[in-house]
Amino acid sequence: MVCDMNFSELLSRVVQDTVGNNPFGDLSGVLSGKQPTFMDGSLLMFLPELIVVGTILALLFVRLLDLDKVISGQSVALLGATVALLVAVVQFLAIKNLDPSTSGVVLPKTMFTGLLVYDAFTVFFKVFLLLFLQLVVYLTQLTGLPDRDDAPDFYTLLFGSTLGMLLMISSNNLLMVFLGIEMTSVPSYAMVGFLKGRRTSSEAAFKYVVYGAGAAGVMLYGISLMAGLLGTASFPEMAARLNLVIGSGPLKLDATLLTLLLSIVMILVGIAFKLSIFPFHFWGPDAFEGAATEVAGFLSVASKGAAFALLIRVLLALVGIDQAPSGVMTPVFFYLGIAISVLAAVTATFGNLAAYSQNNIKRLLAYSTIAHAGYMLMAVGAMMVLLNASKHVPDPAARWELAIRAIEGLLFYLWVYMFMNLGAFAVAALIRNELFSEDITDFGGLWTQAPVLSFTMACCMFSLIGMPPFGGFTGKFMVFSSLFQAGHYHWAMWGVLAVAGINTVFSLFYYVRVLKFMFIAPAKDGARRVRVPAWSAAWFFVLSLAVLVLLTGMWGAAPLSATAHEVAAALFP
Amino acid sequence: MDPQTLQTTGLTLKWLLTIAWLLPLLGFVVELIGGGWVWGRYSKNAAYLSVMCIVTGFVCSFIALMTWGNATEWSALKDHGATHGTSHAEPSRHASGVDAHGAPKPAAEAAHGHDDHAKPVAKDAAHPAHDDHAKPAAAVHVAADHAHGTPHHAAPKVVFTGIFYRLAQFGSLDISLSYYIDSLTLVMFTMVTFIASCIHIFAIGYMSEELTDNYADHQVHTSHGHLHRPGRFHRFFSFLSLFCFSMLGLVLAGNIFQVFIFWELVGVCSYFLIGFYTERKSASNAANKAFIMNRVGDFGFLIGLMIVWTWFGNFQFGDLPAHGQTQPGLFSMVRGNDGQMKLHVPESGQAEVVFKNQDNHIQTKPNGEQRTIPYWLLVAAGLGVFGGCIGKSAQFPLQTWLPDAMEGPTPVSALVHSATMVAAGVYLVGRFYPMFTPEVLLVIAYIGAITLFLAATIAVVATDIKKVLAYSTISQLGYMMLGLGLGGWAAGLFHLITHAFFKSLMFLASGSVIYGCHHVQEMPQMGGLRRKMPLTAYTMLVGVIAIAGLAIPYVTLPGGEPIAFSGYHSKDAIVATALTYMNLNGHHLLFFLPLAGAGITAFYMFRLWFYTFAGEPRDKEVYERAHESPWVMVGPLVVLSFFAAFCAFGGEKGLLFKLLLDSEPASVPGGYVAQTEYLSQGLLNLKLPSHEAIHAKHDRAGTLALIMAFVGAGCAYLVYGVRWVNAAEIKQQFSGIHRFLVNKWGFDEFYDMLFVKPTHVVAGWCSAIDRVIFDGFLHASAKAAVKVSDWDRQFDETIVDGAVNTVGNWTFAIGRSLSVVQTGRMRNYVMFIAVGLLGIFALLIMFFPN
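Quick note, the sequences are listed as chains L and Z, same order. Quick note, the first sequence lines up with residues 31 to 603 if you use the numbering used here. Quick note, the second sequence lines up with residues 6 to 855 if you use the numbering used here.
As structure tokens, this is what we get:
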């Protein structure tokens, strides 16, 4: 911050930063990339978030003014989510078509005096989160999770949590990291406990709160250590400061470095809590089992996606993308990348093995979520290794390209994961509505009763296993190929790859076990029958998810990965 | 014809013939798909569809013929003799008179009319003694002149050729679907589609017994009596359609490779159709025999193709535009545009044929050398391709398959074995004619002569009505080959067309007899049938007179042509060619065999007719049950009998002959030209007769043949008509010869001894070796493998499975124990945060790289 200016100047600068010079432009200009409307003024760049906030307010007002007889909370939520998604899509298209030479806009741009950052990565995740939000809102309407009275409360929490995630993905400051995580977490705690009458639900919420508080404490401690050490909390300055603090001499494990490492680990623990990485995953299965299936689905995808975005932002801030290969910390980060990968391997193994003996579908999917977080974390580890392999690849551009591939794989994986995991949770929720059971041993004979549900479940399960031609295979393949690439620079990465491969085999067992019950086992005597009429909304919803899972593995794979590549490349301007 | 008309005519012809060609394919596909499943076994739809396709094809072909005629202003039919003398000396290709020498002229005029005109080509051919008059310069000039002077001269010979679709290209070699349309193509198309139409219609009646779910085949005996099987009406017609498609494709083909493809397709179709009654052992054997014998011939064909590919690098018949210039076709390469091969004898002494291009210039390689092919290789290529024709047209020594092929239903015999498939061989000889050297032609002639005599003699003793016709077919095919081989190009193909009409007529009539007599085929059980089936009998009689070549002596039509049915004209032309050839070259057999054949033909054909239709019935039972066939069968007979009688009306001045003459290769009309540079007489100095020379001999040959025919027919009448001489006695007297003939000259036994038996012996050895050595080894190794796999199984069950199960149990146990960590206790969880953090940090420090 420049300090030699008076208050009014500062004020006008802030106002300009917030409102922008040209807040109103026509849409076609925006889309063609000639008019940088969405890149001008923080408020416009923040428009999807503002719409989410507006929806929250509208929901509260609906409740307050007793308007929910006229317009239901569900409709307001769906409308808000859809509009926000549309705006985010327009923003994404605008960024994609942006022509820096004519518009004069250079990305990334910062928002709100540097606290948030606005670039293709941000907007990509905005689309991801808001699409997922919209799908979840639609799913909850199909399954009727919140009744008419509860709807405004539930959606307020849902939207609030999403708002926190939107902040996470655009964080440009350690402070925003903490704020975003907390803002995501607090509404989630309440959502987990939303089934008020149920003891398990309350217990799960309580555990989640306490665990979250603990993790937040650790993270906050880490953040203060880091900020204190570096004298800044702003991402763009961290890497330079880091090199300054460590000095240029030979790297040795002195007090400064130890403190730094501790602070990094502590910050990562906070994020690992959100990602449910071993050994910070304990809240997961309990919370998922206690929460409603829809909420579990939401937490399993959205908070993971946001946390991965945040993790990448934090790590890239530490490594510093504009630093020459002379970074003193490079070997440390290389090592850190391996450590992350090993942790990922342990997590995946743990998740898969623990899922073996689960009979509750939500608990099973909770462990599956942990395993998949492990797979995805491997991509992050590979990215760190590739980015810091300056000993083997001296050309920074080449390293970036490799790192971009790793991030591309992660992004692809996240999109596929969104569809396949939501599909699995949606089917579980729809079955629960009919069977009143979440026990997979009760799923016998579903194939004959609800073929489309079973088909979707099969698609999702095979995709989760990582079988071609489903999207899960492509995603896993991309992550694994990055791991393989990283293995050229350190053997441990090949070890991780091997473990990941074995894990894929392990996972076959429990995923297919679900299908075994659905397709082969006969229905239990006297069990209720599941009915999902053809061409009903629910039928259509699950079927389109199955199609999406297939599509991302087939024709959709190329465009999606190309987009992911572009977005990942935008992180390295 | 101006280029514009030429182009539109070409396009019209191309599409009309393409439609006629592809419609049967469409029919085949629809019938195949629709037949069994959609229409059911009682439906005649397949027949109607296939008739519709082929009739439409006929209409298209006929329109094409008319279009072609109109576009050329029927110049092919004009009698150029009238304008003959007027502008004769002018060498220009457009001079109307120049072409006259190639055009057919009445024999009388030919005899005297030419000497006063400076007509070197014709003159030299007719009078070799005058060779010394032809100076080299003049020779070249005349030769060029002659080329333009082929019969159609107002416009030079009109050929439409082009490419439908290029499959692949290897260097200069094109593998493509192309077309080559001249009057021969058009006449063949019209003939094939017309006869096929008649046969299709006939078959609706003949095959109607197949319209059932339970067809009883009385010739197949199973343990429960006769074989009963579902009818195959639609299958029959779909094969017929496929067959027509293949045959038409063969005729339309514009390159020799495409001919080969359709050649094989024709072979496959005949295999399907001959073996139509698959359950009959004899039928399936016959199908195999036909197929295998044809493969023997096709082996030669393939060799020919290889030589052509290697040396010419080109399969196209005609000249095609390529890469902005005209790529000369095979015919132009060998014969240029004047029809003469150019010989080059290098110092090594091996004669070579120089490649020319379409304007008669010599082709050179990039290094300036002439492109050539050794003469003997060209002979080999010609013999190879002719080998294929031997197989397909059932010539000696591969003739044995055709009589056996009578196992197919009679319409098949009519279609496949009289008018079309066997015609393919003759057609190909005609089409590929420019590529044949005089030596090859001599071989063709001898093969033809031997075949015609051999088959005719066997036909005399055959008693199965269809077998007689089969041998007669072989014999007539021999005539055609002979005609072609002797240089009577148009005569051979003329006989092909006329024979197609009267032979299909006779096959269908015999089919009608068989149908009417409830599948009795042996003539000794027949007799007197003309009272039961008059229409069949008298239409058959038309065919018999036609094939025997009878005419009314001393009475002529106003044009000077005798009054006779088609067979007379065409056979006459061949015999006349043979006589001329003999006078030029010797080779007396080539004349006397066909002459004798003419007599024998008349004898066995009338024998057949008298046996079947005349006299008293020999088998009362058969006679009582016999009846005339329905109109759907007799109708085609009547139509065909009309054409059998009159299709060659006018003889060599008639429409059909002139149409064919229009396509005659440039080298033929002039016959032998004596120049050193050119090579019409080949290395053996064989002199091919010119049109002029043949005309000169025409009357004499015709008279001789007619006498022979009357003798033959008379004998038949005496023996079988009035039964003046007892046939059985003659048989007794000449029992040796009779047995020899009944055994078909022992060819089957001979081949059996020469090929089949040795094959069996060798096969026996092989199977013994197989059984003892290989099987022994195999069994031993199989036993060993079983032993090993036993051990392997033990290993698998105890060690591998054990390991897998153990690992599985372990992982499951670990999984269980891992979820034990998930205690659900709050304080444990919070503690794990701290423990986890510290643990990770400690590990990180511990493994920190220095």
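Every residue, glycine too, gets a C-beta built ideally from N, C-alpha and C. Small disclaimer: the values here were computed from a predicted structure and weren't measured.
{"query": "Quick one, are the C-beta atoms of L/Thr-186 and L/Leu-89 less than 7 angstroms apart?", "result": "yes"}
{"query": "So with Cβ pairs under 7 angstroms, would you call L/Gly-244 a contact of chain Z?", "result": "yes"}
{"query": "Closer than 9 angstroms, Cβ to any Cβ of chain L: which residues of the segment 835-855 of chain Z, in chain order?", "result": "Val-835, Phe-837, Ile-838, Ala-839, Val-840, Gly-841, Leu-842, Gly-844, Ile-845, Phe-846, Leu-848, Leu-849, Ile-850, Phe-852, Phe-853, Pro-854 and Asn-855"}
{"query": "Jot down the residue ranges of each uninterrupted beta strand (DSSP E) in the segment 211-265 of chain Z, minimum 3 residues, whole runs only, in chain order.", "result": "220-227 and 230-234"}
{"query": "Going along the chain, which residues of the segment 801-814 of chain Z sit with their C-beta nearer than 7 angstroms to a C-beta in chain L?", "result": "none"}
{"query": "In three-state DSSP terms, what is Z/Asp-780?", "result": "helix"}
{"query": "At which residues does the beta strand (DSSP E) containing L/Val-579 begin and terminate?", "result": "Run containing L/Val-579: none in the beta strand (DSSP E); it sits in the alpha helix (DSSP H), 567-583."}
{"query": "Under the three-state reduction of DSSP, which class applies to Z/Ala-131: helix, strand or coil?", "result": "Here Z/Ala-131 scores only 36 on pLDDT, less than 50, and its place in the model should not be relied on; the value that follows carries that caveat. In this structure, Z/Ala-131 counts as helix in the three-state DSSP scheme."}
{"query": "How about Z/Ser-275 and Z/Met-426: do their beta carbons lie closer than 7 angstroms?", "result": "yes"}
{"query": "May I have the straight-line CA-CA distance separating Z/Ala-52 from Z/Trp-44, to the nearest angstrom?", "result": "11 angstroms"}
{"query": "Which of the three DSSP states is assigned to Z/Gln-368 in this structure?", "result": "coil"}
{"query": "Should L/Leu-272 be labelled buried (16 or more other beta-carbon atoms within 10 Å of its own) or exposed?", "result": "buried"}
{"query": "So the beta strand (DSSP E) Z/Lys-347 belongs to, where does it begin and stop?", "result": "347-349"}
{"query": "Which first and last residues belong to the alpha helix (DSSP H) in which Z/Pro-763 is found?", "result": "762-774"}
{"query": "Report the rounded CA-to-CA distance for Z/Glu-412 versus Z/Trp-636, giving the unit in angstroms.", "result": "25 angstroms"}
{"query": "My assumption, with CB atoms under 8 angstroms, is that Z/Ser-48 sits in contact with Z/Glu-36. Please give the rounded CB distance.", "result": "Their Cβ separation, rounded to whole angstroms, is 11 angstroms, which puts Z/Ser-48 and Z/Glu-36 out of contact at 8 angstroms."}
{"query": "Name the two residues that bound the continuous beta strand (DSSP E) containing Z/Ala-569.", "result": "567-569"}
{"query": "Of all Cβ atoms in chain L, is any one closer than 7 angstroms to the Cβ of Z/Ala-160?", "result": "In this predicted model, Z/Ala-160 has a pLDDT of only 43, less than 50, meaning its place in the structure is not dependable enough to derive any value."}
{"query": "Do the CB positions of Z/Leu-482 and Z/Ser-575 come within less than 7 angstroms of each other?", "result": "no"}
{"query": "Which first and last residues belong to the beta strand (DSSP E) in which Z/Arg-171 is found?", "result": "165-175"}
{"query": "Could you tell me whether any Cβ in chain L is nearer than 7 angstroms to the Cβ of Z/Arg-821?", "result": "yes"}
{"query": "Should Z/Ile-699 and Z/Thr-582 be called a contact, given that it needs their Cβ atoms to be closer than 7 angstroms?", "result": "yes"}
{"query": "Z/Glu-697 by DSSP, collapsed to three states: which one?", "result": "helix"}
{"query": "Along the chain, where does the alpha helix (DSSP H) that runs through L/Ser-511 open and close?", "result": "501-517"}
{"query": "Since L/Phe-208 meets chain Z, which of its residues come closer than 9 angstroms, beta carbon to beta carbon?", "result": "Residues of chain Z passing the Cβ test: none, with the nearest at roughly 16 angstroms."}
{"query": "What residues in its chain sit with their C-beta under 8 angstroms from that of Z/Arg-630, if we drop five residues either side in the sequence?", "result": "Cys-522 and His-523"}
{"query": "Under 9 angstroms Cβ-Cβ, which residues of chain Z neighbour L/Tyr-365?", "result": "Leu-849, Phe-852, Phe-853 and Pro-854"}
{"query": "Tell me which residue opens and which closes the beta strand (DSSP E) that Z/Ile-180 is part of.", "result": "178-186"}
{"query": "Where DSSP assigns a beta bridge to Z/Glu-357, which residues make up the other side?", "result": "Z/His-349 and Z/Pro-379"}
{"query": "For Z/Trp-73, does the count of other Cβ atoms within 10 angstroms reach 16, so buried, or fall short, so exposed?", "result": "buried"}
{"query": "I'd like to know whether the C-beta atoms of L/Ala-285 and L/Val-529 end up nearer to each other than 7 angstroms.", "result": "no"}
{"query": "So, does the CB of L/Tyr-386 fall closer than 7 angstroms to a CB anywhere in chain Z?", "result": "yes"}
{"query": "Considering only the alpha carbon of each residue, which of L/Asn-463, L/Val-44, L/Arg-558 and L/Gly-327 lies closest to L/Ser-398?", "result": "L/Gly-327"}
{"query": "What does L/Trp-313 reach in chain Z if we use C-beta pairs closer than 9 angstroms?", "result": "Tyr-834"}
{"query": "Quick one: is Z/Cys-771 buried, meaning 16 or more other Cβ sit within 10 Å of its Cβ, or exposed?", "result": "exposed"}
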